[in-house]
Amino acid sequence: MKPLGVGIIGCGRIFDLNVLGYLQTDKAKIVALCDSRGVRAKKKAKEYGLSEAKIYRDYNDLLKDEQVDMVEILLPHYLHKEVAVAAAEAGKHISVQKPPAMNVKEMDEMISAARKAGVKFKVYENFIFYPPYRKAKELMDAGEIGNPHMIRIKMTSGSVECGWEVPLEAWMWRFTPEQCGGGPTIWDDGYHKFSIARYFMGEVEKVFAWIETTELGPGLLLDSPAIIMWKYKSPGKLGVWDTSFAPDMKIKSKYYGTDERVEITGTKGYIWINQCTGQLLDIPPVIMYKDGELTCFENLRCDWADSFIDSTLHFIDAILEDKEPILSGEEGKKTLQFALAALKSAETHKEVSPDEIK
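Using the working numbering, read the sequence shown as starting at 2 and increasing by one per residue.
See below:
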């Protein structure tokens, strides 16, 4: 079978993780790279041995390439809709980095364009493919902790000494609402947290949020600390995500200086997921408490990069097998509404239903 021809649009920092899955399969082949700075695309091609990949500076030219069957869109959020709609109209399957759109109207346009063109549309959200999260979901679905009724997500952003070097320009657009759509914590990174909240426990009925700001420099406001609480549509199920900024705390991480931990409470026990982007705690990645005993799950793939690899491979299979991806446009829209509801709640100081966000 001829491998799927992949075109990657945007060769910034996150490219280094999104590319990995394509390098580990013979079902797909990267045939084109696009970046407005051609030299950056050429650098990535050389770094990852993509000598046969064509280099483009204009995404429209890449979309005309008949070798390209699908595109991976790794651009600032305000460009997602424009490029995704054009890709659909060109007959290309679409994977777009989270958050997929600036608002629900844009998201609806993207979904409609993909449906009209008959192409697959996936939101690239890697957290739900992180192996420890998948293990926890497997345990929950098997009824190991009874009926799950509470999820707590704990996140701290600090400093990192041995992690990624991220160019300042890669951060700056995230502090510009017209380009990002919201703040770097609750909106940009937060899409991951809203996604796993739905992944573990289902659809959300109401959200209430407090979002404070921390000044990082002149005109640079970080949307942290914050607490976001929600009530699920299933009776008796609640969730909370708290996040804080601790600049003097050293975060052990190969990537961003962020530590995430998740606690899920059921009627028979707990599940703790003890790492993700960061690795602060020297304990097993997943621990379950049930019947008065602890069960540790140590032999799991738990590098954050694994979630990117598995997310990519899933979409390749969805295209080749003509199946709907787990995070389809419709599913991605629900998470987007959840995130927007949290932002609206913080602004209005009222409970907001994600279903009200149109």
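We treat Cβ as the ideally placed atom computed from N, Cα and C, and that holds for glycine. Remember, predicted model here, so these are calculated numbers, not experimental data.
* **Member of Glu325, Lys291, Ala343, Glu332 whose CA lies at the smallest distance from the CA of Asn148** => Lys291
* To do: Specify, as a first and last residue, the run of the beta strand (DSSP E) that Gln98 falls within.
  => 94 to 98
* To do: Thinking Tyr79 and Met103 are a contact (beta carbons under 8 Å), I'd like their distance in whole angstroms, please.
  => 6 Å
* Counterpart residues of Arg116 in DSSP-defined beta bridges -> DSSP lists no partner for Arg116.
* **Alpha-carbon to alpha-carbon, Asp323 and Lys334** => 21 Å
* Exposure label - Ser308; buried when at least 16 CB within 10 Å -> buried
* Near Lys1, what residues of its chain come up, given a Cβ to Cβ distance below 6 Å and the 5 sequence neighbours on each side ignored? -> Any question about residue 1 goes unanswered here, given that the chain covers just 2 to 359.
* To do: Express the C-alpha separation of Tyr23 and Tyr49 in angstroms, rounding to a whole number.
  => 11 Å
* **Backbone secondary structure at Met289 - three-state DSSP** => strand
* **beta strand (DSSP E) segments (min. 3 residues) lying fully within the stretch 169 to 225** => 205 to 212, 215 to 218, 221 to 223
* Asked: What is the C-beta distance between Ile288 and Trp305, in whole angstroms, given that I count them as a contact (C-beta under 8 Å)?
  -> Actually they are not in contact, since the Cβ atoms of Ile288 and Trp305 sit about 19 Å apart, beyond 8 Å.
* When we look at the beta-carbon of Gln338 and count the other beta-carbons within 10 Å, is it buried (16 or more) or exposed? -> buried
* Mind checking Leu76: buried by the 16 CB within 10 Å criterion, or exposed? -> buried
* Tell me the start and end of each unbroken alpha helix (DSSP H) in the stretch 34 to 66 that is at least 4 residues and wholly inside, in chain order. => 39 to 48, 60 to 64
* Asked: Going by other Cβ atoms of all chains shown within 10 Å of its Cβ, with 16 needed for buried, is His94 buried or exposed?
  -> buried
* To do: Give me the Cα-Cα distance between Ser351 and Phe209, rounded to the nearest whole angstrom.
  => Correcting the residue type first, residue 351 is Lys in the shown sequence and not Ser. The alpha-carbon atoms of Lys351 and Phe209 are separated by roughly 6 Å.
* Inter-residue CB distance, Gly8 and Leu63 (contact presumed, cutoff 8 Å) -> 5 Å
* Is Ala29 helix, strand or coil when you go by DSSP? -> strand
* For the candidate residues Val40, Tyr57, Tyr125, whose alpha-carbon lies nearest to that of Ile310? -> Tyr125
* **Residue from Pro101, Val40, Gln68 whose Cα sits closest to the Cα of Ser329** => Pro101
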